[in-house]
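A.B. asks: Count the sequence shown with numbering that gives the first Met the number 0 and you get residues 0 to 100, in order.
Positions of the beta carbon are idealized from the N, C-alpha and C atoms, including for glycine.
Take a look at this one; I'll ask things after.
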Amino acid sequence: MGKPAVSRDAFRGLFALYAAKAHHDRKAEGEHCRLKLFGSAEDLPDALLLQCSDRAELLRSETVGRLVSPRVRQITNGNAQYDHASDFLHALLRDLEQKVH
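This is how it looks when you write it as structure tokens:
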């Protein structure tokens, strides 16, 4: 299996960045959820990262960004709960799959 273009550390960084933003905006629940995702991202399966990388490569980075941002905002607003970073990635993969087909 090849090395995924989207790394585990990149996802951890994404969650950390958005956790800092939630902290700045005084959205404690969103910050807590993002920090939980940050911690669980350490355990993301390589196959899931590879699948995400493959889908992201088929789309432009702007399209991927437009799909990621609303998902992350939903966490802050309390409209989405993910128990693990892999849950977030599965939801993102469904969005990416819809854009590819």
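So, with DSSP's three-state summary, where would you put Y81?
C.D. replies: It is coil, neither helix nor strand.
A.B. asks: For A40, which option in L34, A79, R72 and R11 has the closest C-alpha, if you only look at C-alpha atoms?
C.D. replies: Closest by alpha carbon: R11.
A.B. asks: Can you give the Cα-Cα distance for L34 and F14, rounded to whole angstroms?
C.D. replies: One C-alpha to the other measures close to 7 angstroms.
A.B. asks: Are R54 and E96 closer than 8 angstroms when you measure CB to CB?
C.D. replies: Their beta carbons are under 8 angstroms apart, which means R54 touches E96 by this criterion.
A.B. asks: Starting from the C-beta of E30, find all residues in its chain whose C-beta is less than 7 angstroms away, skip the five residues before and the five after it, and write them out in chain order.
C.D. replies: If we look at E30 and ignore the five residues flanking it on each side, its Cβ neighbours are A18, A21 and H22.
A.B. asks: Since I believe A46 is in contact with R70 (beta carbons under 8 angstroms), could you give me their beta-carbon distance rounded to a whole number of angstroms?
C.D. replies: In fact, because the Cβ distance is near 21 angstroms, the residues do not count as touching under 8 angstroms.
A.B. asks: Excluding the five sequence neighbours on either side, which residues of its own chain have a C-beta within less than 8 angstroms of the C-beta of D94, listed in chain order?
C.D. replies: Closer than 8 angstroms at Cβ, skipping near neighbours: L66 and R70.
A.B. asks: Report the CB separation of F77 from E28 in whole angstroms; it is logged as a contact under 8 angstroms.
C.D. replies: According to the sequence provided, residue 77 is Gly. The question's Phe does not apply to it. At roughly 6 angstroms, the Cβ-Cβ gap stays under 8 angstroms, so G77 and E28 are in contact.
A.B. asks: By Cβ distance, which residues of its chain are closer than 7 angstroms to T75, with the 5 residues on each side in sequence left out?
C.D. replies: Counting only Cβ-Cβ distances below 7 angstroms, and skipping sequence neighbours, we find A21, K26 and G29.
A.B. asks: Classify L88 as buried or exposed, calling it buried when 16 or more other Cβ atoms lie within 10 Å of its own Cβ.
C.D. replies: Classification for L88: buried.
A.B. asks: Quick one: give me the first and last residue of the alpha helix (DSSP H) that R59 is part of.
C.D. replies: Counting along the chain, R59 falls outside any alpha helix (DSSP H), and DSSP gives it neither H nor E.
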